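**Q** First, the structure itself, so that you have it in front of you.
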Amino acid sequence: RPRVGSRAQGRSAILEKFGGAAKGPAPHLRRSGGAATVKTMLLEWCRARTRGYPVSAGRGRGESPAGCRGGGLTVLPIQRVDVQNFSGSWGSGLAFCALLHSFFPDAFDFDALEPDARQHNFALAFTTAEERAGCAPLLEVEDMVRLPVPDAKCVYTYVQELYRCLVAKGLVKTKKR
């Protein structure tokens, strides 16, 4: 008879006691490869949904400073929402707003948002997520603005919950198994 380690026995006892393995908040993202793959897939989904959203619509063009030749308009590169991770990319609240605006474009005027208005951006995003997507208020605006860089685990958990809610509402298409 093969010997089962204490760790495996402990896991089996927990699974038996609680009725099986836990179902994660984003079951449609599961693939072979574990949590890292799910996290990467969720990050790619966020990138795809927010691609092309400007950081601030009113800052693409600016007047030349006095004394500059030409005296007309200086064309500046337009900064875009750029989701690279689950921490710093979400710091201004604009990534949350862009993600929600991609599903609910009539909820608010994205072009009127400013990256420096972090408290307003987070409040708008979280309220929209709760009212339009039925997403539980897992994050507090005050917690998000207290630190310049949000906690990656908190953002990841919230985005998972938002994804789950959008799937439940039929707004995100998933592959059938």
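Residue 41 in full-length UniProt numbering sits at position 41 of the sequence shown, and the numbers go up by one each step.
Note that the Cβ used here is the ideal one computed from N, Cα and C, for glycine as well.
In this text, all values refer to a predicted model and were calculated from it rather than measured experimentally.
Could you give the distance in angstroms between the alpha-carbon of Leu171 and the alpha-carbon of Arg146?
**A** 32 Å
**Q** Are the region 150-169 and the region 90-102 in contact at 8 Å, needing three or more beta carbon pairs?
**A** yes
**Q** In the DSSP assignment, find the alpha helix (DSSP H) that holds Asp143 and state where it starts and stops.
**A** Start and end: Val141 to Arg146.
**Q** Consult DSSP for Arg51 and reduce its assignment to one of helix, strand or coil.
**A** coil
**Q** Report, in whole angstroms, the separation of the C-beta atoms of Phe86 and Leu138, which I expect to be a contact under 8 Å.
**A** Contact check for Phe86 and Leu138: beta-carbon distance about 14 Å, past the 8 Å limit, so the pair fails to qualify.
**Q** Does DSSP put Ala168 in a helix, a strand or coil?
**A** helix
**Q** Are there 16 or more other CB atoms within 10 angstroms of the CB of Thr128, so buried, or fewer, so exposed?
**A** buried
**Q** When you compare only the Cα positions, how much space is there between Glu130 and Ile78?
**A** Their Cα atoms are separated by approximately 30 Å.
**Q** Should Val81 and Thr40 be called a contact, given that it needs their Cβ atoms to be closer than 8 Å?
**A** no
**Q** Report the rounded CA-to-CA distance for Phe122 versus Cys46, giving the unit in angstroms.
**A** Those two C-alpha atoms are separated by around 16 Å.
**Q** From what residue to what residue does the alpha helix (DSSP H) around Thr128 run?
**A** Arg118 to Ala133
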